[in-house]
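In my numbering, the protein residues as written are 353 to 692.
Just so you know, even glycine gets a beta-carbon here, dropped at the ideal spot from N, CA and C.
All values derive from a computational prediction rather than experimental measurement.
Step one of this worksheet: look at the structure below.
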């Protein structure tokens with residue numbers, strides 16, 4: 353009994369450590385270990401408004417900063433600070449426009465990293481020209497802002513490290529490092545926690561959406577498909593027929609063939625329904641191969657099939673097709689060792 357419990361415990365611990373390693377790797381790399389292409393695309397669609405909203409907000413902020421520097425700065429500080437603010441403003445609106453339809457996560461990450469670099473340079477340059485130790489807290493604010501707008505750990509972690517190291521370096525230079533040690537650590541911990549929670553919430557919503565879309569598509573396919581033969585069913589046939597009639601009004605010709613299998617009932621009665629079903633599947637396969645690229649084939653029910661053909665052009669071509677169709681269907685069938 354003890355050995356069984358120990359074995360179960362070891363198996364659980366092994367599974368736990370593998371799961372933990374996979375999730376840590378996924379967090380550092382910014383990807384989920386089981387993420388499909390559909391989930392990646394939906395994730396980009398989900399976070400794109402966050403990034404674009406961030407660029408718009410930061411761009412509006414730096415419009416005000418650019419104007420403010422004109423009134424409060426002079427000399428070299430005016431040129432440097434106002435130039436950086438103007439570049440940041442232009443970059444924000446540039447990325448806001450060029451990320452409107454992007455479907456690649458790395459482009460959104462590049463946008464975030466570029467804006468972080470510009471905002472970081474603005475804050476560092478301001479500290480260079482105006483030594484104000486109280487405003488070192490701006491670095492903590494930047495960490496918190498990028499924890500929500502950074503979208504992936506590949507963006508959040510480098511930003512947090514750079515801001516923290518810079519703040520500690522300047523605080524040490526000003527002789528107030530002891531005042532900012534815990535502020536910085538608390539800011540980084542809060543930022544990483546916010547980033548993880550936000551990312552998990554986005555991924556859960558994305559997975560739920562992808563699953564719902566998949567189930568909807570499967571339900572739609574089942575509603576329009578004959579389960580036995582895999583051909584479109586009666587409902588799908590009438591939808592296609594309505595569409596064909598609508599385009600026929602514009603001069604697009606078509607031909608309609610209705611097929612009923614002679615002698616199908618005796619096959620069912622003599623050999624059983626399993627052989628009858630196999631016969632229907634074989635007939636469906638022959639019709640599918642015959643009509644591929646030439647028309648639409650469906651099973652109406654029982655042993656009845658229908659074909660909507662693209663316009664054959666003349667009566668002779670249509671007669672030749674009908675004769676060929678009969679020859680194909682009359683060829684012998686081998687079903688579970690039974691000739692039919």
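Given a threshold of 16 other Cβ atoms within 10 Å of its Cβ, counted over all protein chains shown, does residue i qualify as buried or as exposed?
{"i": "residue 587", "result": "exposed"}
{"i": "residue 598", "result": "exposed"}
{"i": "residue 505", "result": "buried"}
{"i": "residue 547", "result": "buried"}
{"i": "residue 404", "result": "buried"}
{"i": "residue 394", "result": "buried"}
{"i": "residue 519", "result": "buried"}
{"i": "residue 574", "result": "exposed"}
{"i": "residue 669", "result": "exposed"}
{"i": "residue 551", "result": "buried"}
{"i": "residue 594", "result": "exposed"}
{"i": "residue 516", "result": "buried"}
{"i": "residue 614", "result": "exposed"}
{"i": "residue 380", "result": "Unreliable positioning characterises residue 380 in this predicted model, as indicated by a pLDDT of 48, which lies under 50. The coordinate reading is nonetheless provided below. Residue 380 is exposed by the Cβ-count criterion."}
{"i": "residue 512", "result": "buried"}
{"i": "residue 479", "result": "buried"}
Helix, strand or coil: which one does DSSP assign to residue i?
{"i": "residue 679", "result": "helix"}
{"i": "residue 459", "result": "helix"}
{"i": "residue 672", "result": "helix"}
{"i": "residue 584", "result": "strand"}
{"i": "residue 470", "result": "helix"}
{"i": "residue 608", "result": "strand"}
{"i": "residue 493", "result": "helix"}
{"i": "residue 647", "result": "strand"}
{"i": "residue 521", "result": "helix"}
{"i": "residue 613", "result": "coil"}
Going by DSSP, what residue range makes up the beta strand (DSSP E) through residue i?
{"i": "residue 631", "result": "From DSSP, residue 631 is part of no beta strand (DSSP E) but of the alpha helix (DSSP H) over 625-643."}
{"i": "residue 325", "result": "Here the chain comprises residues numbered 353 to 692, so residue 325 is not present and cannot be evaluated."}
Of the choices the options, whose alpha-carbon is the least far from that of residue i?
{"i": "residue 612", "options": "666, 623, 653 and 594", "result": "653"}
{"i": "residue 678", "options": "638, 553 and 564", "result": "638"}
{"i": "residue 396", "options": "481, 502, 432 and 483", "result": "502"}
{"i": "residue 538", "options": "389, 491 and 576", "result": "491"}
{"i": "residue 514", "options": "675, 661, 583 and 475", "result": "475"}
{"i": "residue 427", "options": "481, 451 and 676", "result": "481"}
{"i": "residue 596", "options": "659, 558 and 443", "result": "659"}
{"i": "residue 626", "options": "406, 687, 545 and 420", "result": "687"}
{"i": "residue 483", "options": "494, 523 and 493", "result": "523"}
{"i": "residue 645", "options": "663, 629 and 628", "result": "663"}
{"i": "residue 591", "options": "431, 582, 576 and 450", "result": "576"}
{"i": "residue 485", "options": "684, 532 and 429", "result": "532"}
{"i": "residue 411", "options": "431, 657, 429 and 444", "result": "444"}
What are the start and end residues of the alpha helix (DSSP H) that includes residue i?
{"i": "residue 439", "result": "427-450"}
{"i": "residue 569", "result": "529-575"}
{"i": "residue 418", "result": "389-424"}
Can the beta-carbon of residue i be found closer than 8 Å to that of residue j?
{"i": "residue 636", "j": "residue 651", "result": "yes"}
{"i": "residue 477", "j": "residue 529", "result": "no"}
{"i": "residue 440", "j": "residue 470", "result": "yes"}
{"i": "residue 468", "j": "residue 498", "result": "yes"}
{"i": "residue 460", "j": "residue 400", "result": "yes"}
{"i": "residue 434", "j": "residue 416", "result": "no"}
{"i": "residue 496", "j": "residue 541", "result": "no"}
{"i": "residue 463", "j": "residue 438", "result": "no"}
{"i": "residue 554", "j": "residue 390", "result": "no"}
{"i": "residue 606", "j": "residue 655", "result": "no"}
{"i": "residue 680", "j": "residue 631", "result": "no"}
{"i": "residue 674", "j": "residue 661", "result": "no"}
{"i": "residue 473", "j": "residue 448", "result": "no"}
{"i": "residue 729", "j": "residue 649", "result": "There is no way to answer for residue 729, as the model of the chain reaches only from 353 to 692."}
From the beta carbon of residue i, is the nearest beta carbon of chain B less than 8 Å away?
{"i": "residue 403", "result": "No chain B is part of this structure, which consists of one protein chain only."}
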